[in-house]
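Visitor: Handing you a structure now.
Numbering (this note's numbering), first residue to last: 1 to 243.
Below is the structure:
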């Protein structure tokens, strides 16, 4: 698959690397799950990484977020090194990242409001600001009025929008998306893609988006790359598959 390019995102700084990976390697049980992967994502870009199940897509995002142990290589976010090999330089909560997990990974016992408040509490946001912050986030994803609802009473699209609000509650500059459209039908997929594009423009987000579906977000992505057997094999930063 060739790299797909679209015009530089409005307001994005040229030649500013929001995310830089150098020789990233993740191993488990004597097996290489990822790498080596080297990748740069510019400020304001939406980069799509496509690969089959087991290619290392989720591992890639978890390594960037500090949720998976790195065996070799470096991760830098906006010019600051956050990981050097297995050494964690910046903890996950301080990396300025939002993570929309595969399937949403919502807490079934928490209401919409408490889902957002959980993240605000973890980030030590002053309690007095919580009501305004919750309202702001729910307005962004069109969930005002859902404050007392729990995931079990919500549609697939509503749950994905809640997961997106939770990811945005950390006020990230970079958003990591793990198969965000998987549980949605075609109409809801398009709706969420349009919402993501609008939020990216409004908030100045940089997005790294992984999926198994080559057509999932080509319409909004600035670049498309292919990940196979732990390596980028197609796109402008292809490194070749593992032997």
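Where a beta carbon is used, it is the ideal one built from N, C-alpha and C, also for glycine.
On a Cα-Cα basis, can you pick out the residue from 171, 132, 70 that is closest to residue 97?
Guide: 171 is the residue among 171, 132, 70 whose C-alpha sits nearest the C-alpha of residue 97.
Visitor: To the nearest angstrom, report how far apart residue 106 and residue 219 are at their CA atoms.
Guide: 27 Å
Visitor: Would you list, in sequence order, the uninterrupted beta strand (DSSP E) runs of no fewer than 3 residues that lie entirely inside the stretch 59 to 143?
Guide: Fully enclosed beta strand (DSSP E) runs of 3 or longer: 72 to 77, 80 to 84, 97 to 100.
Visitor: How about the stretch 130 to 143 and the stretch 156 to 165: do they share at least three Cβ pairs that are nearer than 8 Å?
Guide: yes
Visitor: Taking the beta strand (DSSP E) that residue 200 falls in, what are its first and last residues?
Guide: First-last for residue 200: 186 to 203, but that is the alpha helix (DSSP H), not the beta strand (DSSP E).
Visitor: Can at least three beta-carbon pairs, one atom from the stretch 146 to 153 and one from the stretch 107 to 126, be found at a separation below 8 Å?
Guide: yes
Visitor: Could you spell out where the alpha helix (DSSP H) holding residue 161 opens and where it closes?
Guide: 156 to 168
Visitor: Would you mind sorting residue 122 into buried or exposed? The rule is 16 or more other CB atoms within 10 Å of its CB.
Guide: exposed
Visitor: For residue 230, count neighbouring C-beta atoms within 10 Å of its own C-beta (all shown protein chains included) and say buried if the count is 16 or more, exposed if not.
Guide: buried
Visitor: Around the Cβ of residue 180, are there at least 16 other Cβ atoms within 10 angstroms (buried) or fewer (exposed)?
Guide: buried
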